[in-house]
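One structure is given here, and the rest of the page talks about it.
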Amino acid sequence: MEYTLVLVTTKKEENNKQYIGHTEILNELKSTLWKDFTINFENNIKLYDNNESFIITKNDIKTDKEIGYEILNNRLHEWLGDRLIDFYFKDSKHFNNDQRRLAVFDMDSCIIKNECIDEMAEIMGVSEKVSTITARAMAGELDFNQALMERLSLLNGMTIEQLEQVWKKIQLNSGSFSLIKTLKSLGFKTALVSGGFSYFAFRVASRLGMDYAVSNQLEFTTIGNNDDNNNNNNNNNNNKTIMTGKVIGDIINGEMKKKVTILLKDILGLEQSQIISMGDGSNDKLMIQYSDMGVAYHGKPILRAATPFQINFAPLSICSFYLSNIYSSPSLSTNLEPYCTSKTHIYDTSIHDLPENQALVTQYIDFNKNHLNK
40 MEYTLVLVTT
50 KKEENNKQYI
60 GHTEILNELK
70 STLWKDFTIN
80 FENNIKLYDN
90 NESFIITKND
100 IKTDKEIGYE
110 ILNNRLHEWL
120 GDRLIDFYFK
130 DSKHFNNDQR
140 RLAVFDMDSC
150 IIKNECIDEM
160 AEIMGVSEKV
170 STITARAMAG
180 ELDFNQALME
190 RLSLLNGMTI
200 EQLEQVWKKI
210 QLNSGSFSLI
220 KTLKSLGFKT
230 ALVSGGFSYF
240 AFRVASRLGM
250 DYAVSNQLEF
260 TTIGNNDDNN
270 NNNNNNNNNK
280 TIMTGKVIGD
290 IINGEMKKKV
300 TILLKDILGL
310 EQSQIISMGD
320 GSNDKLMIQY
330 SDMGVAYHGK
340 PILRAATPFQ
350 INFAPLSICS
360 FYLSNIYSSP
370 SLSTNLEPYC
380 TSKTHIYDTS
390 IHDLPENQAL
400 VTQYIDFNKN
410 HLNK
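Residues in the sequence shown are numbered from 40 upward in steps of one, following the working numbering.
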């Protein structure tokens with residue numbers, strides 16, 4: 040049986056845990072965790088060595104008999120996680136699937152660092168109430184729809200100006216720009232499917248050049264002095280647009296995220312085996328489990344338990360190295376390396392420095408109107 044193990048070794052100390060070299064890791068694996076099996080490590084390739092942050096190696100593994108994946112994978116997350124090591128481990132057939140063409144992402148705490156609804160709550164002075172509901176929802180303790188409506192009701196009356204304050208706070212997670220750029224270069228269609236709000240999601244997606252964006256649409260109303268007898272041209276300055284505390288159309292919950300993923304697959308004429316996805320919370324579980332490779336990024340325990348594919352320490356862009364496509368062509372790999380490994384692209388890119396693509400925003404609006412909010 041043949042497996043592929045990609046190791047992402049962080050070159051830093053954290054909580055008194057020191058960096059361990061990849062050769063040392065492999066030797067420890069053979070002598071401890073997998074000591075009961077005959078395991079051979081072949082074709083160990085150092086994909087990347089960034090002295091400031093991490094080393095990536097791809098290791099081909101062969102066993103002398105049929106050994107179940109679950110047996111080999113048992114305790115691997117705990118063992119490597121305790122050493123601050125992210126990894127991909129699966130049979131080589133799965134790793135060498137270079138036909139994947141759709142990548143679906145969550146937004147809050149995945150593509151971006153923020154939880155937008157918590158940022159909104161801070162401005163409205165209801166942080167404690169909203170954060171409590173958010174935490175329980177993401178941990179799977181509350182029905183998502185009910186939790187969303189309860190939180191939105193606390194934000195009733197929020198103005199456009201206040202929403203713009205939230206927008207100014209939004210930051211990309213490390214590696215987001217790099218990963219989307221890499222996937223697009225590899226021929227992937229990319230989608231942002233968020234349980235957050237289109238007010239922010241459409242801007243984030245369009246600036247990253249993503250092909251699709253689906254998110255909850257906030258409902259607004261206008262209040263103010265609309266006296267028809269007042270002919271003062273400044274009359275409309277008394278009006279203001281505020282949130283009603285409701286959304287328009289279907290709520291993008293876990294079931295809808297999976298439904299949208301399947302819809303995109305069908306529209307693009309793809310198979311389930313051609314999908315990857317990434318998220319961080321319980322709302323992403325169904326989408327993650329449906330995908331051929333669903334990755335938990337700094338995921339909540341409920342999501343980490345649902346998938347063997349995880350990124351817990353390294354930047355989001357490390358997902359590129361879980362795909363055989365990234366180095367199947369030397370020329371392609373060379374062209375993509377700046378995006379995959381450059382400190383500037385991974386850590387320093389600001390969403391606010393990227394131009395908004397209004398044509399993409401229009402495309403998102405039309406897609407949601409035609410396929411979801413009927």
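We put the CB at the ideal spot given by N, CA and C, even for glycine.
Out of the options, which has the shortest C-alpha to C-alpha gap to residue i?
i, options, result
"Leu417", "Tyr251, Asp319, Val243", "As shown, the chain starts at 40 and ends at 413. That puts residue 417 outside it, with no answer to give."
"Gly235", "Glu67, Gln397, Leu225, Lys285", "Lys285"
"Asp147", "Arg140, Lys297, Ile156", "Ile156"
"Gly320", "Ile100, Ala174, Ser254", "Ala174"
"Thr300", "Gly288, Ile64, Ser330", "Ser330"
"Ile287", "Gln256, Met317, Ile151", "Gln256"
"Tyr1", "Leu111, His61, Ala398", "The chain is shown only over 40 to 413; residue 1 falls outside these bounds and no answer can be derived."
"Val436", "Gln349, Lys223, Leu302", "Given that the chain is displayed from residue 40 to residue 413, the structure contains no residue 436 and the question cannot be resolved."
"Ile219", "Val165, Phe239, Gly164, His384", "His384"
"Ser233", "Asn195, Glu203, Ser316", "Ser316"
"Thr401", "Ala344, Ser237, Asn322", "Ser237"
"Lys132", "Lys382, Val143, Leu211, Tyr108", "Tyr108"
"Trp118", "Ile94, Phe80, Trp73", "Trp73"
"Met163", "Gln204, Ile151, Lys339, Glu180", "Gln204"
Given a threshold of 16 other Cβ atoms within 10 Å of its Cβ, counted over all protein chains shown, does residue i qualify as buried or as exposed?
i, result
"Thr260", "exposed"
"Gln328", "exposed"
"Pro354", "buried"
"Thr48", "buried"
"Asp145", "buried"
"Ile262", "exposed"
"Asp125", "buried"
"Ser217", "buried"
"Lys304", "buried"
"Ser70", "exposed"
"Thr221", "buried"
CA-CA distance, residue i and residue j?
i, j, result
"Asn271", "Glu161", "Bear in mind that a pLDDT of 49 at Asn271, under 50, signals an unreliable position, so the model cannot answer this."
"Ile314", "Gln138", "9 Å"
"Thr77", "Lys97", "19 Å"
"Ser359", "Lys279", "45 Å"
"Glu167", "Met159", "12 Å"
"Leu193", "Ser170", "11 Å"
"Ile341", "Gly214", "24 Å"
"Leu307", "Met295", "18 Å"
"Arg114", "Lys129", "14 Å"
"Asp267", "Gln311", "For Asp267, the pLDDT reaches just 46, beneath the cut-off of 50, and the residue's location in the model is therefore unreliable, although a value from the coordinates is still provided. For Asp267 and Gln311, the distance between alpha carbons rounds to 57 Å."
"Ile290", "Ala186", "11 Å"
"Ala335", "Gly293", "14 Å"
"Asn54", "Arg122", "In this prediction, Asn54 scores a pLDDT of 48, lower than 50, which makes its location untrustworthy; no coordinate-derived value is stated."
"Asn407", "Phe241", "11 Å"
"Glu41", "Glu395", "45 Å"
"Gly120", "Gln201", "40 Å"
"Ile110", "Lys297", "29 Å"
"Asn409", "Leu231", "17 Å"
Return the chain-ordered list of same chain residues with a C-beta closer than 8 Å to the C-beta of residue i, the five sequence neighbours on each side being excluded.
i, result
"Lys207", "His391"
"Lys223", "Thr229, Gly248"
"Ile106", "Met40, Phe76"
Within the same chain, show all residues whose beta-carbon is closer than 7 Å to that of residue i, passing over the 5 residues directly before and after it, in chain order.
i, result
"Leu309", "Arg140, Leu141"
"Asn112", "Phe128, Pro347"
"Glu154", "Asp147, Ser148, Thr173"
If you drop the 5 nearest sequence neighbours on each side, which residues of the same chain put their C-beta closer than 6 Å to that of residue i?
i, result
"Phe134", "Thr43, Ser363"
"Asn269", "At Asn269 the pLDDT is 47, less than 50, meaning the model places this residue with poor confidence and gives no usable figure here."
"Asp405", "none"
"Lys152", "Gln210, Asn212"
"Glu189", "Ile172"
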